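Colleague: Take the sequence shown: its position 70, counted from the start at 1, is 72 in the working numbering, and no numbers get skipped.
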Amino acid sequence: MNLSNIHAPKKATTKRKRVGRGMGSGMGKTSTRGHKGQRSRTGSRMIRGFEGGQMPLHRRMPKRGFTNIFRKEYSIVSLERLAELGESTINPDVLRKAGVIKTKNPVKILGDGELKTAITGGKVEVLQ
């Protein structure tokens, strides 16, 4: 690469289209909007997804599933991570201070890993 083969990116040097500046510009009279019609009018603005009166795509597609507004989010912790902490008493505050969990969501313990020592828990919620 040298100075002889450096060039500006595509469309970096093209001028902006100035419409409505007389017949000589090639974009006078209707200012590239065509004659009559919805888009030729002043202040015309169609909503997103408008398809000229045809049912928009986002309304033609079928709906799938639903969002449960009562969903409970859990902070997930593995047994392996609990064993690394080396604590005998585990509760959400201890996990938060150690940086294992960040939110105040209930904690769910998953069974990857193995515990060598006994661990007692503080406030525990039993999940089915």
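Heads up, the beta-carbon is just placed ideally off N, CA and C, and yes, glycines get one too.
Bear in mind that the values here come from a model prediction, so they are computed numbers and not experimental data.
1. Is S90 near T122, with beta carbons less than 8 Å apart?
2. What are the partner residues of T91, as DSSP defines its beta bridges?
3. Could you compute how far the alpha carbon of R35 sits from the alpha carbon of R73?
4. Which same chain residues end up closer than 7 Å to G113 when comparing Cβ atoms and leaving out the 5 residues on each side of it in sequence?
5. Along the alpha helix (DSSP H) that carries L112, what are the first and last residues, could you check?
6. On the DSSP letters alone, give me the boundaries of the beta strand (DSSP E) that S80 sits inside.
7. Tell me the residue span of the alpha helix (DSSP H) that contains H60.
8. Using alpha carbons as the reference points, say which of A10, A120, V109 lies closest to E75.
9. Is it buried or exposed, P94, if we count other Cβ atoms within 10 angstroms and call 16 or more buried?
10. I need the straight-line Cα distance from G45 to T16, nearest angstrom please.
Modeller: Result, derived from the coordinates:
1. Residue 90 sits at position 88 when you count from the first residue of the sequence shown. Residue 122 sits at position 120 when you count from the first residue of the sequence shown. Contact: yes.
2. Translated into positions along the sequence shown, residue 91 becomes position 89. Answer is T122.
3. What you label residue 35 is simply residue 33 of the sequence shown in a count that begins at 1. What you label residue 73 is simply residue 71 of the sequence shown in a count that begins at 1. Roughly 51 Å between the two C-alpha positions.
4. Numbered from 1 along the sequence shown, position 111 holds the residue referred to as residue 113. Contacts found: L81.
5. Taking the first residue of the sequence shown as position 1, residue 112 is located at position 110. Looking at the DSSP string, L112 is not in any alpha helix (DSSP H); the run it does join, the beta strand (DSSP E), is 109-112.
6. For the purposes of this step, residue 80 is identified with residue 78 of the sequence shown, where counting begins at 1. Unbroken beta strand (DSSP E) run through S80: 77-80.
7. Within the sequence shown, the letter at position 58 stands for residue 60. Counting along the chain, the alpha helix (DSSP H) containing H60 begins and ends at 59-62.
8. The residue labelled residue 75 in the question sits at position 73 within the sequence shown. For E75, the nearest C-alpha among the options comes from V109.
9. Position 92 of the sequence shown, counted from the first residue, corresponds to residue 94. So P94 ends up on the buried side.
10. As a first step, residue 45 must be located in the sequence shown, where it is residue number 43. As a first step, residue 16 must be located in the sequence shown, where it is residue number 14. Cα to Cα, the separation comes out at about 27 Å.
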